[in-house]
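Trainee:
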Amino acid sequence: MASTHEALRLLVSGSVVAVQPASGSGGKVDTLSVDLVTGDTRTTQQPALGAGCEGVLALLGAFRLRSGTVVGVVTGARKVADLYGQPVFRVTATKLITPKVAFDSGDQRLLSYLRDAINPTGTGRGLFFSYGSDLTLSAQRLADALAAPDAAGKAPARRADPSFFWNRTLAKPLLDAGADAFVLPMILGSVGQLTGVEAKAHGRSVDLNITLIARRSIDRSGTRHWRRGADAQGAAANLVETEQLVSLDGGAVLASYVQLRGSIPLIWTQIPNIKYKPPTKLLEGTGSGAAFDAHMDALLDKYKAVSCVNLVNQHGSEGTLEKAFAKEAARYAADKNPALHYTAFDFHKECGATNYGRLSVLWSQIEGDSESYGLYLQPSDSAAAGPGPAPAPQRQSGVFRINCVDCLDRTNVVQCVLGRTALEGVLRTLGLLTAGEKLPTTLPEVEARFKVLWADHGDDISRQYAGTGALKSGFTRTGKRTVGGLVDDGVKSCVRYYLNNFRDGHKQDALDLISGAYTVKRDVKLRFRPQRSPALPLLGALALLGFALHSFRLATSGRLPSQVAAAPGEQEEAGPSHLQVLASRVVAPLLAAAGLVLFVSKNGKHLVDAPQLCPHLANTVAAPTAAQSKKVA
Numbered sequence: 001m002a003s004t005h006e007a008l009r010l011l012v013s014g015s016v017v018a019v020q021p022a023s024g025s026g027g028k029v030d031t032l033s034v035d036l037v038t039g040d041t042r043t044t045q046q047p048a049l050g051a052g053c054e055g056v057l058a059l060l061g062a063f064r065l066r067s068g069t070v071v072g073v074v075t076g077a078r079k080v081a082d083l084y085g086q087p088v089f090r091v092t093a094t095k096l097i098t099p100k101v102a103f104d105s106g107d108q109r110l111l112s113y114l115r116d117a118i119n120p121t122g123t124g125r126g127l128f129f130s131y132g133s134d135l136t137l138s139a140q141r142l143a144d145a146l147a148a149p150d151a152a153g154k155a156p157a158r159r160a161d162p163s164f165f166w167n168r169t170l171a172k173p174l175l176d177a178g179a180d181a182f183v184l185p186m187i188l189g190s191v192g193q194l195t196g197v198e199a200k201a202h203g204r205s206v207d208l209n210i211t212l213i214a215r216r217s218i219d220r221s222g223t224r225h226w227r228r229g230a231d232a233q234g235a236a237a238n239l240v241e242t243e244q245l246v247s248l249d250g251g252a253v254l255a256s257y258v259q260l261r262g263s264i265p266l267i268w269t270q271i272p273n274i275k276y277k278p279p280t281k282l283l284e285g286t287g288s289g290a291a292f293d294a295h296m297d298a299l300l301d302k303y304k305a306v307s308c309v310n311l312v313n314q315h316g317s318e319g320t321l322e323k324a325f326a327k328e329a330a331r332y333a334a335d336k337n338p339a340l341h342y343t344a345f346d347f348h349k350e351c352g353a354t355n356y357g358r359l360s361v362l363w364s365q366i367e368g369d370s371e372s373y374g375l376y377l378q379p380s381d382s383a384a385a386g387p388g389p390a391p392a393p394q395r396q397s398g399v400f401r402i403n404c405v406d407c408l409d410r411t412n413v414v415q416c417v418l419g420r421t422a423l424e425g426v427l428r429t430l431g432l433l434t435a436g437e438k439l440p441t442t443l444p445e446v447e448a449r450f451k452v453l454w455a456d457h458g459d460d461i462s463r464q465y466a467g468t469g470a471l472k473s474g475f476t477r478t479g480k481r482t483v484g485g486l487v488d489d490g491v492k493s494c495v496r497y498y499l500n501n502f503r504d505g506h507k508q509d510a511l512d513l514i515s516g517a518y519t520v521k522r523d524v525k526l527r528f529r530p531q532r533s534p535a536l537p538l539l540g541a542l543a544l545l546g547f548a549l550h551s552f553r554l555a556t557s558g559r560l561p562s563q564v565a566a567a568p569g570e571q572e573e574a575g576p577s578h579l580q581v582l583a584s585r586v587v588a589p590l591l592a593a594a595g596l597v598l599f600v601s602k603n604g605k606h607l608v609d610a611p612q613l614c615p616h617l618a619n620t621v622a623a624p625t626a627a628q629s630k631k632v633a
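With UniProt numbering, letter number 554 in the sequence shown gets 554, and the count goes up by one each step, no holes.
(1) Return helix, strand or coil for Leu194, following the three-state DSSP convention.
(2) Check this for me: beta carbons of Pro611 and Gly505, under 8 Å apart or not?
(3) DSSP on His202, reduced to helix/strand/coil?
(4) Do you know how far the Cα of Thr121 is from the Cα of Gly24?
(5) Just verifying my parser: in three-state terms, what is the DSSP assignment at Ser13?
(6) Would you report the Cα separation of Tyr356 and Lys525, rounded to the nearest angstrom?
(7) Taking Asp82 as the reference, give the member of Ala594, Leu188 and Tyr131 with the closest Cα.
(8) Just to confirm the assignment, what range does the alpha helix (DSSP H) spanning Asp459 have?
(9) Could you spell out where the beta strand (DSSP E) holding Leu32 opens and where it closes?
(10) For the putative contact between residue 634 and Pro99, defined by C-beta atoms under 8 Å, what is the C-beta separation to the nearest angstrom?
(11) So, at 8 Å on beta carbons, what are the nonlocal neighbours of Leu321 in its own chain, with the 5 sequence-adjacent residues on each side left out?
(12) To which residues of the same chain is residue 638 closer than 6 Å at the C-beta, ignoring the five residues directly before and after it?
(13) Residues in the same chain with beta-carbon distance under 6 Å from residue 634, minus the five sequence neighbours each way, listed in chain order, please.
(14) Under 7 Å Cβ to Cβ from Val446, same chain only, skipping five residues before and after it: list those, please.
(15) Quick check on this structure: which residue in Asp207, Gly126 and Glu424 has the alpha carbon closest to the alpha carbon of Asp460?
(16) How big is the Cα-Cα spacing for Phe182 and Ala171?
(17) For the region 55-130, list the alpha helix (DSSP H) runs that are entirely contained and at least 4 residues long, ordered along the chain.
(18) Give me the residue from Thr75, Asn500, Lys79 and Ala102 with the minimum Cα distance to Ala93.
(19) If you run the structure through DSSP and keep just helix, strand and coil, what is Glu284?
(20) Straight-line CA distance for Ala214 to Gln86?
(21) Going by DSSP, what residue range makes up the alpha helix (DSSP H) through Ala143?
(22) Under a three-way DSSP split, which group does Cys494 fall into?
(23) Quick check: the Cα distance between Gly61 and Ala541, rounded to an integer number of angstroms?
(24) Tell me whether Gly189 is buried or exposed, calling it buried when 16 or more other Cβ atoms sit within 10 Å of its Cβ.
(25) Straight-line CA distance for Asn234 to Arg220?
(26) By the 10 Å Cβ neighbour count, where 16 or more other Cβ atoms means buried, how is Gly243 classified, buried or exposed?
(27) Excluding the five sequence neighbours on either side, which residues of its own chain have a C-beta within less than 6 Å of the C-beta of Thr123, listed in chain order?
(28) Buried or exposed, going by whether 16 or more other CB atoms sit within 10 Å of the CB of Arg307?
(29) Taking the straight line between their C-alpha atoms, what separation do you get for Ser133 and Tyr84?
(30) Tell whether a beta-carbon distance below 8 Å holds between Ser247 and Val240.
(31) Which partner residues does Thr44 have in the DSSP bridge list?
(32) Between Val191 and Gly595, what straight-line distance do the alpha-carbon atoms span, to the nearest angstrom?
(33) Taking 6 Å as the limit between beta carbons, can you name the residues of its chain near Leu260, skipping five residues before and five after?
(34) Output needed for Leu538: all residues of its chain with C-beta closer than 8 Å, excluding positions within five of it in sequence on either side, in chain order.
(35) What is the DSSP secondary structure of Trp268, counted as helix, strand or coil?
(36) Indicate the three-state DSSP secondary structure (helix, strand or coil) for Pro537 in the structure shown.
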């Protein structure tokens, strides 16, 4: 099987970046060269680089700007897991190598976006890679890929799942030049692992590793309000594949369970406008239907069967989306493929703020699909060691696709329930649970660690899309809904409001650039409009409000003057009446403050931090007619 160079050495000479495997020494070495001025990229055999070179862990790829080409490299990483006997690393430091040219203001802005997109503490938070394994593929799909006739000659970048190959746009110039061995596919998402999980029951004791991987789709990638629904090609926002793997401690993977989350796959928007809950607009008719079909066609081709679980409210704006989703799912199942199933469960109505035991109602509705789909299960060592050929693995034959509105908070609670059920199935296979036993009661120590793993997983996904950890994570982490958890949710909601309205435009531009949604055209000069802000009118409103309150306090204490004092020796003149003073110093400022707040509210869509590279991808329900779209809240 073709492999990727593990560690690299790099030398910048003039305008050319030369990269070689760090292990190469003596004779001619496989060498990648990128000209930062012309963009020329090629591989040749050259003598080993000498003094002056620096070590890097991996190449992110190359990106062509109007004024030249930049190269992205990984300079720091931390091991977070072992998978298939190979270490998995989280990126902790990156840098861009830029040409020594004068960038115009447009390229400087693009450079700032690109730096943010690969910044492990910014938009690039959650980049992972492995030299010896392909993180873009689930265990089942990786086994299929390795069993293919051409597997031996295929580099990891050539067999990687393009949906989850996060640096695919940066890697394209390298792949086009045949530099496959220099391209390391990376995922954006989450990787968490529990090691040495001791499961003891019924006279048996097994040490397990439990790994949880989130793979974020690069198609229609974005932030919470600037990317909703599906696009015309069927790509859904916030689409994440979650894989739960169980392996014997230090051994091979025993089981894999895959599930999905993703925005409701219709064409709908919720564009920020400073209000806490922006209006939802849904494109009705053939446009949404075609997008829905394209989305489900792709999922069913990959996963064979899909059971959609919709957790949104069944009233108001969410109710309108639910009815549209249900209608399209019923049409698709009847006309195209009955392997698509649909279940609606009003999470907030059924569970409220604390009654999560009601999730048993949902489980009773989807238990049949869960049993039908199963999970990917490798034969145990004892079974494989028996007489005759080793038994074939049990395959997972379908996936659950879970969604709420954000596909974060309610979704993570339900996905944790499904993950626990899958783990219980593996433990029964190992003889650690009987048919009627559950993880929380039989193996409480395992359950406690499992909940923390899933809570961290949900937080990672939520930070990438919404800017904060997941709401309801207290329940996922502890199994209890507490007052402290409710307060934590309130704080996170406020932070989300601020980020979604006043910071996410820049983040969305960074994502559009690294994902390839935006294409740089050398003959088109970029012009970025200055970003308006509601700060000045809101500060003015606060100042007026403060003045009015201060004046009112003076009035109620009898210290607000209603007469103009006369000079010595002059007759005192009558001043304004008390009501006139109140009107001028209390009522008028309050009215002016209200006017400023109303101005901000009416013009909110012009005052938020909006993306500028691909605004059309946010406003997919652009200039709707009455027949095409309706405002649902």
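Yeah, the Cβ is synthetic: ideal placement off N, Cα and C, and Gly gets one too.
Mentor: Taking the geometry as given:
(1) Three-state DSSP puts Leu194 in a strand.
(2) yes
(3) coil
(4) 33 Å
(5) Annotated three-state conformation of Ser13 is strand, per DSSP.
(6) 54 Å
(7) With distances taken between Cα atoms, Asp82 lies closest to Tyr131.
(8) Pro444 to Ala466
(9) First-last of the beta strand (DSSP E) with Leu32: Lys28 to Asp35.
(10) Because residue 634 is not part of the residues shown, which for the chain are 1 to 633, the question remains open.
(11) Ile264, Leu266, Trp268, Thr280, Leu282, Val312, Val405 and Val632
(12) Residue 638 lies beyond the range of the chain shown here (1 to 633); nothing can be said about it.
(13) What is shown of the chain runs 1 to 633, which leaves residue 634 out entirely.
(14) Cβ within range, chain order: Val197, Ala199 and Leu439.
(15) Gly126
(16) 9 Å
(17) 105-117
(18) Thr75
(19) Here Glu284 sits in coil by DSSP.
(20) 18 Å
(21) Ala139 to Ala147
(22) It is helical.
(23) 49 Å
(24) buried
(25) In the sequence as displayed, the identity of residue 234 is Gly instead of Asn. Distance from the CA of Gly234 to the CA of Arg220, rounded to the nearest whole angstrom, comes to 9 Å.
(26) The residue you asked about is not Gly; residue 243 is Glu in the sequence shown. Counting Cβ neighbours within 10 Å, Glu243 comes out buried, since at least 16 surround it.
(27) Asp116, Ala117, Lys507 and Ala510
(28) The amino acid at residue 307 is misidentified as Arg; the sequence shows Ser. The C-beta of Ser307 has 16 or more other C-beta atoms within 10 Å across all chains shown, which makes the residue buried.
(29) 7 Å
(30) It is not a contact, given that the beta carbons lie outside the stated cut-off.
(31) Thr31
(32) Separation of Val191 and Gly595 (C-alpha to C-alpha, rounded to the nearest whole angstrom) is 49 Å.
(33) These residues qualify, in order along the chain: Glu241, Val399 and Arg401.
(34) Apart from the 5 residues on each side of it in sequence, Leu538 sits with its Cβ closer than 8 Å to the Cβ of Leu596, Val597 and Val600 in its chain, given in chain order.
(35) Strand.
(36) In this structure, Pro537 counts as helix in the three-state DSSP scheme.
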